[in-house]
DNA sequence: ACGGATAATGAAAACGTGTTCATTGTTTAA
DNA sequence: TTAAACAATGAACACGTTTTCATTATCCGT
């Protein structure tokens, strides 16, 4: 610690950097000035050792490239940075197998909180491995127009963000039906992923309520290429559809391109398409996608709020935040 | 440290986790087994404190959402993870002002190396603030078909990755000219960014050599919306062009959409378009973009190589790696 | 001017590791 | 069998902070 060579004791330096402590103002100013000159910054590793706070937030994703995830990481990083935290990024293996190896690996870095944007890791698993870090969970509850379920029964509770999808899906189906859609297909995301199955459940409920029967199931995995191929199959091998609801926007792009460039069908005249997420690319003129928007800033602010509240009150009961969805109308329905 | 309650001294535990040390195999096995049961992992913060290695690599980007950057971060994170490092992500402010604040902030986390994917921060600045971390620089040297310049004269040298663009640009121009392009426009990236100006310089050289005169300059900033608007301007206010070379793929998408949906021109029949990067989205059927590819895996491997070599030999001379570019032909030229 | 409260200060301990050094136990070479 | 080389081991220290705790300086009300 060079700063004290210039003036006085080390605790004074420590106090100079911690606002709430008591230190004579002029002394603090002097220390900060000298620190500035010497290009000194308190070492977070040492600080973490004694305080038990690393100011690191672990983020686990299967694929940073996916536009939705990259946009979420972007917003999250900005928000965390503003609160004095940093994003520690980890990637799961491509097969989505959330092996304990990655978690133990991550644990070594001692993050204060962990957010897993990966469908097959439950907070129970996270909590089991990371003893100190707080797991934050993104949850898609089953819901109706009346409200949503809180699955408090199945095991211990963890802090979670509830994403309410009923409103957006209801609006989307209404719009498609309004433009004459009768045979509605659902393009799924990754097999058994929470987001995809929740959307499917809600869609089934909404369709049944509106007398539209069951959706035609098309299995995808959130990627463009799979969506493209699955759509071609749906019309070449299967019986087609007059509207497709995709579990995410990138999938919707694959659907649109397959319809237009492979099957020579028109969107929205022949087939209507709706996506989910409202990513940056959705307003690009080639797609101009009508989609169910999850407000990213709102979602990320809620996540950060969860983390901060949990860290300031470690013993509080399970925390909860809720965000809504709504339809953004563009040009792929009518 | 709970592990030693189960058996013996703490140094034994330390050695059990460091393979190169000498410890009786059976003892090591026992310790690892007990550690496993107790869910114990060595604390990296404490380790960093004494060893001076945090195993953190700071990555600074202006915008994680940008497909090219998110793909680079993705590949980099995977590669670093395989080498026992973790990615620490930071975002510059939206105005790209690389204020010292962010650097000091980052310095507190003590990264072992820093890669700044942001055009206006030179390694000199990085090195000035981060005393311990190693700056890695992505450089786009001026080059001709004969080779490329090494600007060794201007100040001290830092480890760098040279991206050679001549080959790809030469192939792109040749292809466009082969299909009859005579009036070639260049859509720039962000003002004075290294990548964009290097591409412009090389393009000018190649065009001059082929008797194509000077490129028509169109100023962009690597984003879709700006590219779209600038292209409309070029044709409505300016005199148009019969080919556009964009500084990046996302910009090329904006050009294509403006041409097709706003100006009612055909690509490639009326106007040819070439991009730069070859991002995931470039093969999407709506664009099917012919573009100059930078091999991402190769590029990232080179970056990781630079970091590892530098950390294992801190006093070695400036390190250098080089990657090539090449044209990927799809459907936007002819 | 006095007693008591409060602010300011530094010494020492603690956080969980890696490293050096000296000691002990074990193998190898003659 | 003996000396020498080597493997295995633990005690003590160091890394750069924050946090008690005890001490001293300063302020306030009367």
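Chains as they are written, first to last, in our numbering: chain A, 13 to 346; chain B, 13 to 346. Where is the CB? At the ideal position from N, CA and C, for every residue including glycine. All figures in this text were calculated on a predicted structure; none of them were measured in a lab.
Item, Value
"Residues of its chain near residue 237(B), where Cβ-Cβ distance is below 8 Å and the 5 sequence neighbours each way are ignored", "266"
"Neighbour list for residue 214(A) in chain B, Cβ cutoff strictly below 8 Å", "Residues of chain B passing the Cβ test: none, with the nearest at roughly 27 Å."
"Residues of its chain near residue 81(B), where Cβ-Cβ distance is below 7 Å and the 5 sequence neighbours each way are ignored", "73, 75 and 129"
"is_contact[residue 65(B), chain A] using C-beta, thresh 8 Å", "no"
"is_contact[residue 120(B), chain A] using C-beta, thresh 8 Å", "yes"
"C-alpha gap between residue 142(B) and residue 149(B), whole angstroms", "14 Å"
"Cβ-Cβ distance between residue 43(A) and residue 62(A) below 8 Å", "no"
"Whether residue 344(A) touches residue 286(A) by CB criterion (8 Å)", "yes"
"C-beta neighbour in chain B for residue 339(A), strict 8 Å", "no"
"Residue-chain proximity (residue 57(A), chain B), Cβ-Cβ < 8 Å", "yes"
"Residue environment, residue 328(B), which counts as buried when at least 16 other CB atoms sit within 10 Å", "exposed"
"Identity of the residues DSSP links to residue 151(A) by a beta bridge", "174(A)"
"Buried or exposed by the 16-neighbour rule on C-beta atoms within 10 Å, applied to residue 226(A)", "exposed"
"Proximity test, Cβ basis, 8 Å: residue 26(A) and chain B", "no"
"Residue(s) in a DSSP beta bridge with residue 338(B)", "305(B)"
"One or two residues paired with residue 101(B) in a DSSP bridge", "99(A) and 71(B)"
"Exposure label - residue 338(A); buried when at least 16 CB within 10 Å", "exposed"
"Where residue 291(B) sits in the DSSP three-state scheme", "coil"
"Buried/exposed call for residue 203(A), threshold 16 Cβ in 10 Å", "exposed"
"Sequence-distant residues of the same chain with beta carbon closer than 6 Å to residue 195(A), five excluded per side", "253 and 254"
"Sheet register partners of residue 229(B) (DSSP bridge)", "198(B)"
"The stretch 270-288 of chain B / the stretch 312-331 of chain B touching (three or more Cβ pairs under 8 Å)", "no"
"Chain-ordered chain A contacts of residue 54(B) [CB-CB under 7 Å]", "120"
"Closer than 9 Å at the beta carbon, the chain B residues around residue 102(A)", "89, 93, 98 and 99"
"Chain B contact residues for residue 298(A), given Cβ-Cβ distances below 9 Å", "265, 268, 269, 272, 273, 296, 298 and 299"
"Nonlocal neighbours in the same chain, by C-beta distance under 7 Å from residue 79(B), ignoring five residues either side", "262, 291, 292 and 293"
"DSSP-derived helix/strand/coil call for residue 333(B)", "strand"
"contact_flag[the stretch 51-60 of chain A, the stretch 86-96 of chain A] where n(CB pairs < 8 Å) is 3 or more", "no"
"Burial state of residue 167(A), where buried means 16 or more other Cβ atoms lie within 10 Å", "Confidence in residue 167(A) is poor, its pLDDT being 45 and thus under 50, which makes the residue's placement unreliable; the coordinate value appears in the next sentence. Looking at its Cβ environment, which holds fewer than 16 other Cβ atoms inside 10 Å, residue 167(A) is exposed."
"Per DSSP, cross-strand counterpart(s) of residue 127(B)", "71(B) and 148(B)"
"Cutoff 6 Å; reference residue 182(A); Cβ partners in own chain excluding five residues on either side", "218"
"Neighbour flag for residue 85(B) against chain A, beta carbons, 8 Å", "yes"
"Expected contact under 8 Å - CB spacing of residue 122(A) and residue 154(A) to nearest Å", "Wrong, their Cβ atoms sit about 35 Å apart, outside the cutoff."
"Same chain, Cβ closer than 6 Å to residue 221(B), five either side skipped, listed in chain order", "none"
"Neighbour list for residue 61(A) in chain B, Cβ cutoff strictly below 7 Å", "57, 58 and 61"
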